[in-house]
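From first to last, the protein sequence lines stand for chains C and X.
With our numbering applied, the first sequence covers 17 to 266.
With our numbering applied, the second sequence covers 135 to 393.
By construction, the Cβ of each residue, glycine as well, lies at the ideal position given by its N, Cα and C atoms.
Read the structure below first, then the notes.
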Amino acid sequence: MVKRIVAVAALLLAGCGSTTASPTTGVNGEITVFAAASLTESFTELGKEFEAAHPGTKVTFNFAGSSALAQQINKGAPADVFASAAPANMKQVTDTGAITATPATFAKNTLQIAVPEGNPGKVTGLADFAKADLKIALCAEQVPCGAAAKKVFEAAKITAAPDTLEQDVKAVLTKVSLGEVDAALVYRTDVKANDKVEGVDFAEADKAVNDYPIALIAKAPNAAAAQAFVDYVLSGEGRKVLTEAGFAAP
Amino acid sequence: MRSRLPVVLVLPAVIGLAFLLVPLAGLLVEAPWATLPAQLFSAEVGQALRLSLLCASLATIVCLVLGVPLAWLLARSDLPGRGLLRALVTVPLVLPPVVGGVALLLVLGRRGLVGQYLDQWFGVSLPFTTAGVVLAEAFVAMPFLVISVEGAFRAADPRYEEAAATLGASRWLTFRRVTLPSVMPGVVAGTVLCWARALGEFGATITFAGNFPGKTTTMPLAVYLALETDPDAAIVLSIVLLLVSVAVLAGLRDRWIRA
């Protein structure tokens with residue numbers, strides 16, 4: 017008797033399981049998303065929401081510098097989606113045919129001045145970056161945040177006097193949060209995500225607006241779920257998470 | 135029969151050799167050889183290379199001056215907790231170099247435990263300077279020297295030192311004329327390891343000293359940044375660093391063997 021009840025319960029449970037898995041669209045299974053390091057917080061959140069909205073899916077992220085990710089994809093890394101921090105890095109992948117879909121811009125990011133808590137260098141604007149007695153950190157020109165910094169300095173006709181050109185935006189933030197530099201240029205979203213640094217706005221920020229493109233990878237192992245993820249990022253729900261992180265709408 | 139090598143040793147040895155050399159071969163095969171001369175003689179590469187050689191050599195000197203006495207202390211003294219000290223000395227070996235760099239910033243940075251006084255009292259700030267590069271490299275490379283020299287001290291026969299002492303030599307004279315010559319092979323091996331490690335140092339350097347051409351951009355930093363935009367250039371830079379370090383080590387080795 018007991019055995020029979022257990023068997024019936026098991027059957028019922030199995031039945032439930034198959035109906036909660038996504039019905040007809042085939043959106044299930046694992047997907048791997050290669051995303052720019054600056055998307056770490058917002059995409060982790062988006063991934064959780066996506067998994068909740070599509071039971072049976074599992075999103076795994078590989079967060080790194082966009083150019084490193086582009087190279088990994090070109091060398092055949094088994095990824096489903098690529099979200100880049102700059103169109104240039106997306107182009108590296110579309111040029112080789114690793115991505116054939118047309119990338120969609122899902123967010124925009126601008127630069128902001130980051131200073132340590134209390135602003136010890138009394139930095140008020142971009143002009144302070146020319147002062148030799150202040151310690152200044154910038155991204156190296158080879159990485160997107162450095163290229164963007166170069167653009168705003170050109171627009172403002174300021175010759176910056178950096179003490180270090182860091183390999184990525186997180187390294188710049190480390191130097192600011194430890195108080196080793198008085199000012200740095202990082203993305204607005206980075207300032208928002210780090211409670212040990214303060215942001216100072218400057219007028220020329222709109223001279224270097226960074227577009228974030230996203231696209232499905234041509235050889236995506238799980239194309240259906242990957243496309244659903246891309247759609248989710250571009251949807252209203254996705255927009256909300258990105259706005260909260262400090263990204264502007266495309 | 136005695137000359138026949140046992141397969142159990144030869145097989146893993148050959149696999150080990152291949153494991154170490156195949157990635158190197160990959161680098162050489164992929165290299166855009168046509169651009170090598172242009173890269174080799176470009177001003178930026180020359181600058182980074184000179185800085186790398188200078189900093190690695192200075193760091194090695196720092197390691198020798200501090201590391202040999204430290205190795206002697208660990209091997210010969212009857213300090214309490216010597217085993218623990220010995221383990222602590224190897225910490226930089228297991229610490230991810232970037233963490234080592236952050237640790238250096240926390241101590242010697244502008245707001246660091248010691249660094250804030252260096253800044254206030256002497257106006258000395260080490261991060262973002264060439265001295266900072268030397269310091270970061272020495273921090274990461276010193277354990278290599280200490281471990282091999284300490285091993286040599288422990289293997290050296292103390293009876294020669296005792297004999298020297300009974301003949302009236304002071305402890306310092308004994309150390310210089312008896313102990314040091316007997317551990318020389320260990321010191322040489324340690325110095326080579328230390329210099330090579332310092333030359334290739336990346337994580338602690340970029341974290342503690344930052345990256346600025348001519349001041350703190352060593353070859354590994356230049357290679358990393360080149361990889362961002364131009365992987366071919368990065369490969370060429372790596373090969374330049376490789377050739378120079380192999381040339382230096384091979385040259386020194388010949389000299390030491392002859393001496």
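What in chain C is Cβ-close to residue 340 (chain X), meaning under 8 Å? 182, 183 and 187
In the DSSP assignment, find the alpha helix (DSSP H) that holds residue 186 (chain C) and state where it starts and stops. 185-193
So, is residue 81 (chain C) buried or exposed, given that buried needs 16 or more other C-beta atoms within 10 angstroms? buried
For residue 207 (chain C), count neighbouring C-beta atoms within 10 Å of its own C-beta (all shown protein chains included) and say buried if the count is 16 or more, exposed if not. buried
Where residue 260 (chain X) falls: helix, strand or coil (DSSP): coil
Runs of alpha helix (DSSP H) wholly within the stretch 149-228 of chain X (minimum 4 residues, chain order): 170-174, 177-210, 216-223 and 225-228
CB residue 144 (chain X) to CB residue 223 (chain X), shorter than 7 Å? no
In chain order, what residues of the same chain have a beta carbon less than 7 Å from the beta carbon of residue 395 (chain X), not counting five sequence neighbours either side? A question about residue 395 (chain X) goes unanswered here, because the residues of chain X that appear run from 135 up to 393.
Cβ closer than 7 Å: which chain C residues qualify as neighbours of residue 309 (chain X)? Within chain C, no residue comes near residue 309 (chain X); the closest Cβ sits about 41 Å away, beyond 7 Å.
Contiguous alpha helix (DSSP H) assignments of at least 4 residues, all confined to the stretch 337-389 of chain X: 337-342 and 353-363
Given a limit of 8 Å on CB to CB distance, which residues of the stretch 226-237 of chain C reach chain X? none
Which chain C residues are close to residue 157 (chain X), counting only those with a beta carbon under 7 Å from its beta carbon? The contacting residues do not exist; residue 157 (chain X) stays about 15 Å from chain C at best.
Looking at chain X, which residues of the stretch 72-90 of chain C have a Cβ within less than 8 Å of any of its Cβ atoms? 81, 83, 84 and 87
With a threshold of 7 Å between beta-carbons, can residue 130 (chain C) be considered close to chain X, or not? no
Chain X contact for residue 150 (chain C) (CB, 7 Å cutoff): no
Taking 7 Å as the threshold (beta carbon to beta carbon), is residue 63 (chain C) in contact with chain X? no
Suppose you measure from the CA of residue 144 (chain C) to the CA of residue 136 (chain C); what does that come to, to the nearest Å? 13 Å
Distance CB(residue 43 (chain C))-CB(residue 234 (chain C)) smaller than 7 Å: no
Could you list which residues in chain C have their beta carbon closer than 7 Å to that of residue 358 (chain X), in chain order? 183
Assign residue 168 (chain C) to one of three DSSP states: helix, strand, or coil. helix
Strictly below 7 Å CB to CB, what residues from chain C border residue 239 (chain X)? 194 and 196
Please confirm if residue 293 (chain X) has its CB atom under 7 Å from at least one CB of chain C. no
Following the continuous alpha helix (DSSP H) through residue 238 (chain C), name the residue where it begins and the one where it ends. Segment: none, residue 238 (chain C) is in no alpha helix (DSSP H) and carries neither H nor E.
7 Å Cβ cutoff, residue 202 (chain C) in contact with chain X: no
As assigned by DSSP and simplified to three states, the class of residue 146 (chain C): helix
Spatial distance of residue 212 (chain C) from residue 193 (chain C) (CA atoms): 5 Å
Spatial distance of residue 157 (chain X) from residue 371 (chain X) (CA atoms): 16 Å
Does DSSP put residue 146 (chain X) in a helix, a strand or coil? helix
Closest to residue 121 (chain C) by C-alpha separation, out of C:139, C:133, C:141 and C:99, would be which residue? C:99
List, in order along the chain, the chain C residues whose C-beta lies closer than 8 Å to that of residue 354 (chain X)? The premise fails here: residue 354 (chain X) is roughly 11 Å from chain C at the closest Cβ pair, so nothing lies under 8 Å.
Taking all protein chains shown into account, decide if residue 17 (chain C) is buried (16 or more other Cβ within 10 angstroms of its Cβ) or exposed. With a pLDDT of 45 at residue 17 (chain C), under the threshold of 50, the predicted position of this residue should be treated as unreliable, and no value is reported.
Bounding residues of the alpha helix (DSSP H) (the contiguous stretch that carries residue 89 (chain C)): 82-90
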